[in-house]
Structure formats: C-alpha cells, structure tokens
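These notes concern the structure reproduced below.
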Amino acid sequence: MNEDALDPLPPEAELALAWSAPPVRGPLSIVLQLDRRLARIVTRTHEPMLGQMRLAWWRDVLGKPVSERPRGDVVLDAIGTHWNGREAALIAMVDGWEVLMTADPLDPPAIASFGKQRSAFFGALVEGHLMPVERDAVTAAAYRWALADAASRVSDAAERAALIAAGVAISCSGARLPKPLRGLAVLDALSKRALRRGGRPLMEGRGAPFVAMKAAILLK
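Numbering of the sequence shown is given in our numbering, commencing with residue 8 and proceeding in unit increments.
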C-alpha cells in the first residue's frame, strides 16, 4: 500500500488544526489523515473480508518498528516522525474502524467500541500531562466527535439514529479541556451542535464557524 499524496481534510478538521497548539498540530494533522484513509477503506469496500485485509495491513505495519516499515507512503512515513512510540492509539483506531465495518447490527456495544477506539488518539496526544478530570473530559469530547462525525456520514437511518443517541447520552462533566487540545474543544462544540441537528455535517450552516470560534476562545 503506497500513496504519495495527502487527502483533503474536512473543514472542521482544518479549523481544529488551526486552533491547536503548535506541538500538537503536526501529530494531530497526520492522525486525522490516517483516520481519513481508514474511513475510505470502510466506506468504499463492499466485501468486508477485503476491507479487513486492508485494515490488517495498517495494523501490522503500525506494530513494526519504524525502521522495518515500508517507505513511500506519505501518511505512514509521517507517523514514524510524529507517533513513534505511541502507535498503540493508532492501532486502536484501526480496530475501531473494523468494528464499524463488520458490526451487524450496529448495536450499542459496537458503537461504544467504535467510538472509544477511534478517538483514543486524542488522549495519546497529551499523555502524561493530564489530571484525571482532564483525562475524563478529553475522553468524552473525543468520543462524542467520533460518533457525531460517523453519524453525519452513514447512509442507514437506523444506524444514524443509534449513533446520535449514543453521542447525546455522553455526560458533560463541566471540566475544561487542556489548552493544547483547543482543536478538540472546537470539534466537540461542533459535534454537540451536529448531534442536536440530527446528525448533520459538523460545519453545515452559517452558525458553525461562530460555534467553533467561541469554543476556542473560551479555552484561552
């Protein structure tokens, strides 16, 4: 698997990157690129077994030392630069996307597994620098983003409703996110709005940029 170009990121991701602290921006950018790759595998594969094989490639290669990985894939090469030693969170993301692809039906346990594993990388971005209350806030916000984004992209109405219900059910502790993850605050505010609007795209509507800016400024 060899790709030499980055995918365009959705507008909410670009906005989150713009508001992220510089040390976080590089790792966050590349992990969102990986997320797009995995999403593309899941959404464009009609045979689950073939999709699982493609996901397995990522799982296997991320489990190898950087020196043993193939070269030439722009995302994989950048992972070696920005995520060396933290690949467990990226492997969890692969596992999460596999759950979404293979779950039939997409029931609450499957949704919980998908959301938790897809979003685990946010905690890894600031691992070792979080108070327990901050860790809980990061976990909840990241989980909500994973479900809101998925809800905006699935075509099955029942699956969308299940994803929305799970996202809305996440409790808000009121704890502030850590400042380096201001980009996650942006995504969380947009995710809450998208879930309230019935699983619509995160940046849909004229109010989305204002919601994002307000969330970022309040965390300064």
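Virtual Cβ for every residue (Gly too), placed ideally from N, Cα, C.
Simplified DSSP assignment, three categories, for S126: coil
The region 125 to 139 contacting the region 72 to 86, beta-carbon criterion three pairs below 8 angstroms: no
Nearest-angstrom Cβ-Cβ length linking A149 and L202, presumed shorter than 8 angstroms: Actually they are not in contact, since the Cβ atoms of A149 and L202 sit about 14 angstroms apart, beyond 8 angstroms.
The region 38 to 46 / the region 11 to 21 touching (three or more Cβ pairs under 8 angstroms): yes
K186 in three-state terms, based on DSSP: helix
Residue closest to E10, alpha-carbon to alpha-carbon, out of W65, A28 and G33: W65
Inter-residue Cα distance where the pair is A182 and V31: 20 angstroms
C-beta atoms of E94 and L62 nearer than 7 angstroms: no
Nearest residue (CA-CA) to Q59, options A28, P77 and T109: T109
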